[in-house]
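*Asks:*
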Ligand SMILES: Nc1ncnc2c1ncn2[C@@H]1O[C@H](COP(=O)(O)OP(=O)(O)OP(=O)(O)O)[C@@H](O)[C@H]1O
Ligand SMILES: [Mg+2]
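Numbering (the working numbering), first residue to last: 106 to 360.
1) Beta-carbon separation of residue 140 and residue 190 under 9 Å?
2) Mapping the DSSP letters down to three states, classify residue 291 as helix, strand or coil.
3) Relative to ligand 1, is the shortest distance from any of its heavy atoms to the C-beta of residue 256 smaller than 8 Å?
4) Taking all protein chains shown into account, do 16 or more other C-beta atoms lie within 10 angstroms of the C-beta of residue 340, making it buried, or fewer, making it exposed?
5) Can you round the beta-carbon distance between residue 152 and residue 332 to whole angstroms, since I take them to be within the 8 Å contact cut?
6) Could you name the residues of the same chain whose beta carbon sits closer than 8 Å to that of residue 357, not counting the 5 residues immediately before and after it, in chain order?
7) Let me know the secondary structure DSSP gives residue 319 once reduced to three states.
8) Looking at residue 268: is its Cβ nearer than 9 Å to the Cβ of residue 326?
9) Looking at residue 325 and ligand 1, is the gap between the Cβ and the nearest heavy atom below 8 Å?
10) How many whole angstroms separate the CB atoms of residue 124 and residue 203, which I take to be in contact at a CB cut-off of 8 Å?
11) Using alpha carbons as the reference points, say which of 166, 337, 266, 253 lies closest to residue 317.
12) Below 8 Å, is the gap between the Cβ of residue 150 and the nearest heavy atom of ligand 2?
13) Rounded C-beta distance between residue 247 and residue 282? I'm assuming under 8 Å.
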């Protein structure tokens, strides 16, 4: 079972869209996938239409046992044969678990709950747009972290901070954690500024940039408004990004 967090300090860069792209790619391949939505905004939960969960990610953090985890697993309406996606839904109560804790006081809870989980090939964790306790919970429970960054000045700043946080959690709480890479998103091929920032990303993170980058495509909004995987949108743009997600999924699965 590979556990992957999708994060970035900056909001709106496409964390949730990238997570859903990977979940779609995994189901096309027939992988059993679990999405854990640790963002109190609950965007992944609403797209995946998790059906009335009896219990949510907030309960898992409040009481991190395998039983709470099992009670929180919810089937998702959003499936592409042959794979399947389950969800541990977000809840506004997650905010209570985002309060600052010093490194010494931070005792990972999600990692504890996931220790005994079986039956999934891939677990994807969606993070809020901050490096608070919820994102640290995700990192402490993960094998890999994907940092999503738009090719902008602020996007790059956010990626650098996220990479530092990954290193911090690796050294203090989770030796197995690795940065899978920085994934540039919403890249416009005609924008000179984007070309410049992509080269700058290359200088800062050298081999850690995931290539190819994700282009800016209307298929993301179409998938969102239909509430279905981008892999099923059926346009040239959706096929293009689906192939990119599939390629990067191979890297995630190899670790
Ligand atoms: N490659 C892309 N091309 C076009 N639109 C995109 C792309 N990636 C994301 N978007 C759009 O950008 C918006 C923000 O994306 P998303 O919600 O995934 O970002 P986020 O980082 O998860 O945001 P938040 O920080 O609020 O959780 C959405 O409307 C989404 O459709
Ligand atoms: Mg999001």
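Note that the Cβ used here is the ideal one computed from N, Cα and C, for glycine as well. In this text, all values refer to a predicted model and were calculated from it rather than measured experimentally.
*Replies:* Taking the structure as given:
1) yes
2) coil
3) Remark: the shortest separation between the CB of residue 256 and any heavy atom of ligand 1 does not fall under 8 Å.
4) Around the beta-carbon of residue 340, fewer than 16 other beta-carbon atoms lie within 10 Å, marking it exposed.
5) 6 Å between Cβ atoms; contact.
6) Excluding sequence neighbours, residue 357 sits near 107, 109, 127, 227, 249, 251, 285.
7) DSSP places residue 319 in coil when its eight states are reduced to three.
8) Not in contact: residue 268 and residue 326 (Cβ atoms no closer than 9 Å).
9) yes
10) 19 Å between Cβ atoms; not a contact.
11) Residue nearest to residue 317 within the set 166, 337, 266, 253 is 253 (criterion: CA-CA distance).
12) no
13) The Cβ separation is near 6 Å, so the contact holds.
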